[in-house]
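Asks: Here it is, the structure, as structure tokens.
2 protein chains.
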Amino acid sequence: MNNAPIGIFDSGLGGLTVARSIIDQLPGESVIYIGDTANSPYGTKPVGTVKTLALNVMDKLVERGVKMVVVACNTASATAVFDARQRYEEQGIPVLEVISPAVHRAVSATHNGKIGVIATTTTIETGTYQRALNAYQQMQVTAKACPAFVDFVERGITSGPELIAVAREYLEPVKAAGVDTLVLGCTHYPLLAGVISYVMGPEVTLVSSAEETAHDVYRSLVENDWLNENDTTGQKPRYEFLATGDTESFRGLARRFLGPEVANVGQV
Amino acid sequence: MNNAPIGIFDSGLGGLTVARSIIDQLPGESVIYIGDTANSPYGTKPVGTVKTLALNVMDKLVERGVKMVVVACNTASATAVFDARQRYEEQGIPVLEVISPAVHRAVSATHNGKIGVIATTTTIETGTYQRALNAYQQMQVTAKACPAFVDFVERGITSGPELIAVAREYLEPVKAAGVDTLVLGCTHYPLLAGVISYVMGPEVTLVSSAEETAHDVYRSLVENDWLNENDTTGQKPRYEFLATGDTESFRGLARRFLGPEVANVGQV
Numbered sequence: 038m039n040n041a042p043i044g045i046f047d048s049g050l051g052g053l054t055v056a057r058s059i060i061d062q063l064p065g066e067s068v069i070y071i072g073d074t075a076n077s078p079y080g081t082k083p084v085g086t087v088k089t090l091a092l093n094v095m096d097k098l099v100e101r102g103v104k105m106v107v108v109a110c111n112t113a114s115a116t117a118v119f120d121a122r123q124r125y126e127e128q129g130i131p132v133l134e135v136i137s138p139a140v141h142r143a144v145s146a147t148h149n150g151k152i153g154v155i156a157t158t159t160t161i162e163t164g165t166y167q168r169a170l171n172a173y174q175q176m177q178v179t180a181k182a183c184p185a186f187v188d189f190v191e192r193g194i195t196s197g198p199e200l201i202a203v204a205r206e207y208l209e210p211v212k213a214a215g216v217d218t219l220v221l222g223c224t225h226y227p228l229l230a231g232v233i234s235y236v237m238g239p240e241v242t243l244v245s246s247a248e249e250t251a252h253d254v255y256r257s258l259v260e261n262d263w264l265n266e267n268d269t270t271g272q273k274p275r276y277e278f279l280a281t282g283d284t285e286s287f288r289g290l291a292r293r294f295l296g297p298e299v300a301n302v303g304q305v
Numbered sequence: 038m039n040n041a042p043i044g045i046f047d048s049g050l051g052g053l054t055v056a057r058s059i060i061d062q063l064p065g066e067s068v069i070y071i072g073d074t075a076n077s078p079y080g081t082k083p084v085g086t087v088k089t090l091a092l093n094v095m096d097k098l099v100e101r102g103v104k105m106v107v108v109a110c111n112t113a114s115a116t117a118v119f120d121a122r123q124r125y126e127e128q129g130i131p132v133l134e135v136i137s138p139a140v141h142r143a144v145s146a147t148h149n150g151k152i153g154v155i156a157t158t159t160t161i162e163t164g165t166y167q168r169a170l171n172a173y174q175q176m177q178v179t180a181k182a183c184p185a186f187v188d189f190v191e192r193g194i195t196s197g198p199e200l201i202a203v204a205r206e207y208l209e210p211v212k213a214a215g216v217d218t219l220v221l222g223c224t225h226y227p228l229l230a231g232v233i234s235y236v237m238g239p240e241v242t243l244v245s246s247a248e249e250t251a252h253d254v255y256r257s258l259v260e261n262d263w264l265n266e267n268d269t270t271g272q273k274p275r276y277e278f279l280a281t282g283d284t285e286s287f288r289g290l291a292r293r294f295l296g297p298e299v300a301n302v303g304q305v
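Line by line, the protein sequences are chains A and B.
Counting along the first sequence from 1, when you hit position 192 you're at 229 in the working numbering, and nothing is skipped either side.
Counting along the second sequence from 1, when you hit position 264 you're at 301 in the working numbering, and nothing is skipped either side.
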């Protein structure tokens, strides 16, 4: 079990920021990543459809013998994790997700109890972050959808006057609410941390679900005594990147998100 | 000036975590990185020697036409920045460093005013972080040198029982002091954030100088209107990695720190 890969899944590319944080923190672990690009984006689909699609992809990871499933997708984290846990945890495979690690960190980080959340339109509309944050007393949550951000990231634009103007407009109500902590509730957004920090100002704490989820994975592997023995023997880990849709466009963008580990992208 | 590269310098490899954060946040910017590996580590040398060495390397960056110098080295940030600013800012070249961004973030982040700092022995002994943090009222600072951490990172070991035992021993007094915020005061340590977060517990905020320095660079470029126009025209940035010592060993480790951008390492 220890040397089995970690399974990571997203509707598309965004989850690669989570994969990268995991690979950074745990360079001895093998990873299988599936981007369900044939059905991306999940955000515009009915909840029942997302559940079916997400469980279908997670089944593929479990068939490949992963020791853990990481749902690196906000929409799937908001909709399919309960079912996934019922399905896989009885086989001894834990299911981790991206929302609760970020929520815990934000609640620890805030001084004034005013927390912002930015995400895609669908993630904001499901209200998952807002409910999770409101489960803590005395939190005042300001949520804002930033629909154009993903497109900027995928075009490789992370600065310049156009993006800064868009970011100013999106973030204006969040700033006006006086938040001291801002959750980046979309796995694409860590790549915009520069512009977001610039617009929000240096006093605001940014919480990246990618990094917090990686800490969660680390903790879970240590506590289960499931660390890959590669990490002490010096054997090379294996990285496998799979897409359900077109692999060529996935590969091009994936190298930008993650780096050289994306040598090839297979079809699943 | 806009399309000139950003110059980044460290005594060795650690500064590559800073370079990576800058490249992530500003993928349109060109970068020249020099690792003064022939004279590494700086930490054990007298202050006057470090100043001379550091200014010598920064001169090489300035000769190559950089628009900004980032001192991605804690020892040099603690000793050579004052002189570097005198020397280069009159030529219109700003000098940024890694200590003050991390200190500002830590002071913003703490709730209980108890902040930990971990770094190499020399950085702790210079007391630079402690003084910078104590410049803010009501901060109680616990500093701890973690001399073996760099070696673990350079051997690629970021988990396993040996490292966890060492981390527990180093971090025990920092935990005992009840800090709620911990500054990773060495540019190697972001690669150990998993084990450090595991040992400290999820409630403790980790502050990475790499990421905070990248935000500082972003802010400075936007405010000076110095962003590379590549970022909007889609032209490819150039990355140049140079070492004063052996380039082969630098290249091997550098790819682990930074990724595919380290295609080749030149001699300087």
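We treat Cβ as the ideally placed atom computed from N, Cα and C, and that holds for glycine.
Per the DSSP calculation, D47(B) is bridged to which residue(s)?
Replies: Numbered from 1 along the second sequence, position 10 holds the residue referred to as residue 47(B). The partner list for D47(B) (beta bridge, DSSP) reads G72(B).
Asks: If you measure between the beta carbons of L219(B) and A230(B), is that distance less than 8 Å?
Replies: As a first step, residue 219(B) must be located in the second sequence, where it is residue number 182. As a first step, residue 230(B) must be located in the second sequence, where it is residue number 193. Their beta carbons are not under 8 Å apart, which means L219(B) does not touch A230(B) by this criterion.
Asks: State the Cα-Cα distance for the pair I130(B) and C223(A), rounded to the nearest angstrom.
Replies: Taking the second sequence and counting its residues from 1, one reaches residue 130(B) at position 93. Taking the first sequence and counting its residues from 1, one reaches residue 223(A) at position 186. One C-alpha to the other measures close to 36 Å.
Asks: Relative to the alpha-carbon of S245(A), which residue among R124(A), R122(A), T179(A), A109(A) has its alpha-carbon at the smallest distance?
Replies: As a working mapping, residue 245(A) is identified with position 208 in the first sequence. Of the candidates R124(A), R122(A), T179(A), A109(A), the one whose C-alpha sits nearest the C-alpha of S245(A) is A109(A).
Asks: I want to see whether chain B comes within less than 8 Å of E240(A), judged by CB atoms only; does it?
Replies: Counted from its first residue, the first sequence places residue 240(A) at position 203. Cβ-Cβ to chain B under 8 Å: yes for E240(A).
Asks: How about S196(A) and H252(B): do their beta carbons lie closer than 8 Å?
Replies: Locating residue 196(A) in the first sequence gives position 159, where the first residue counts as 1. Locating residue 252(B) in the second sequence gives position 215, where the first residue counts as 1. No, these two residues do not count as a Cβ contact at 8 Å.
Asks: Would you mind working out which of L258(A), I155(A), R168(A) sits nearest E209(A), comparing C-alpha positions?
Replies: On the first sequence, residue 209(A) is found 172 positions in, with the first residue counted as 1. Minimum Cα distance to E209(A) is reached at I155(A).
Asks: Between the C-alpha atoms of E199(A) and E249(A), what's the straight-line distance to the nearest angstrom?
Replies: Position 162 of the first sequence, counted from the first residue, corresponds to residue 199(A). Position 212 of the first sequence, counted from the first residue, corresponds to residue 249(A). Taking the straight line from one Cα to the other gives about 30 Å.
Asks: Based on the DSSP output, what are the partners of T218(A) in its beta bridges?
Replies: By one-based count along the first sequence, residue 218(A) stands at place 181. Looking at the DSSP assignment, T218(A) forms a beta bridge with I152(A), T242(A).
Asks: Once you ignore the five residues that flank V99(A) on each side, which residues in its own chain have a CB closer than 8 Å to its CB?
Replies: Taking the first sequence and counting its residues from 1, one reaches residue 99(A) at position 62. Around V99(A): G44, V106, Y125, Q128, I130.
Asks: Checking the sheet assignment: what are the DSSP bridge partners for F287(B)?
Replies: As a position in the second sequence, residue 287(B) is number 250, starting the count at 1. F287(B) is not bridged to any residue.
Asks: Under 8 Å, do N76(A) and S48(A) count as touching if we go by C-beta distance?
Replies: Working through the first sequence from its first residue, we reach residue 76(A) at position 39. Working through the first sequence from its first residue, we reach residue 48(A) at position 11. In contact: N76(A) and S48(A) (Cβ atoms closer than 8 Å).
Asks: Which first and last residues belong to the alpha helix (DSSP H) in which K82(A) is found?
Replies: Working through the first sequence from its first residue, we reach residue 82(A) at position 45. First-last for K82(A): undefined, no H or E at that position.
Asks: Less than 8 Å between the beta carbons of T179(A) and A214(A), yes or no?
Replies: Locating residue 179(A) in the first sequence gives position 142, counting from the first residue. Locating residue 214(A) in the first sequence gives position 177, counting from the first residue. Against a cut-off of 8 Å, the Cβ pair of A214(A) and T179(A) comes out as a contact.
Asks: Quick check on the DSSP output: the beta strand (DSSP E) that includes L133(A) runs from which residue to which?
Replies: Taking the first residue of the first sequence as 1, we reach residue 133(A) at position 96. Looking at the DSSP string, the run of the beta strand (DSSP E) that includes L133(A) is 132-134.
Asks: What are the residues that DSSP puts in a beta bridge with G303(A)?
Replies: Translated into the one-based positions of the first sequence, residue 303(A) becomes position 266. L279(A), per the DSSP bridge assignment.
Asks: May I ask you to list, following chain order, the residues of the stretch 209-231 of chain A that have a beta carbon less than 9 Å from some beta carbon of chain B?
Replies: So the list reads D217, P227, L228, L229, A230, G231, given in the order they occur along the chain.
Asks: For D61(B), return the contacting residues in chain A, with the cut-off set at a CB-CB distance below 9 Å.
Replies: Position 24 of the second sequence, counted from the start, is the residue given in the question as residue 61(B). The contacting residues are T195, P227, L228, A230, G231.
Asks: For V302(B), would you say it is in contact with chain A, using Cβ-to-Cβ distances shorter than 8 Å as the test?
Replies: Residue mapping note: residue 302(B) aligns to position 265 of the second sequence, counting from 1. It does not: the Cβ of V302(B) has no partner Cβ on chain A nearer than 8 Å.
Asks: Indicate whether at least one CB of chain B lies closer than 8 Å to the CB of L264(A).
Replies: Locating residue 264(A) in the first sequence gives position 227, where the first residue counts as 1. Yes, L264(A) counts as interfacial toward chain B.
Asks: Within 8 Å, do at least three Cβ pairs link the stretch 272-292 of chain A to the stretch 76-87 of chain B?
Replies: In short, these stretches do not touch, since the Cβ pair count stays below three.
Asks: Closer than 6 Å by C-beta to I194(B): which residues in its own chain qualify, once you throw out the five before and the five after it? Chain order, please.
Replies: In the second sequence, residue 194(B) corresponds to position 157, counting from 1. Once the five neighbours on either side are set aside, the close Cβ partners of I194(B) are L200.
Asks: Of the residues T158(B), Q175(B), N111(B), which one's Cα is nearest the Cα of N149(B)?
Replies: On the second sequence, position 112 is the one that residue 149(B) refers to. It is Q175(B) whose Cα lies nearest to the Cα of N149(B).
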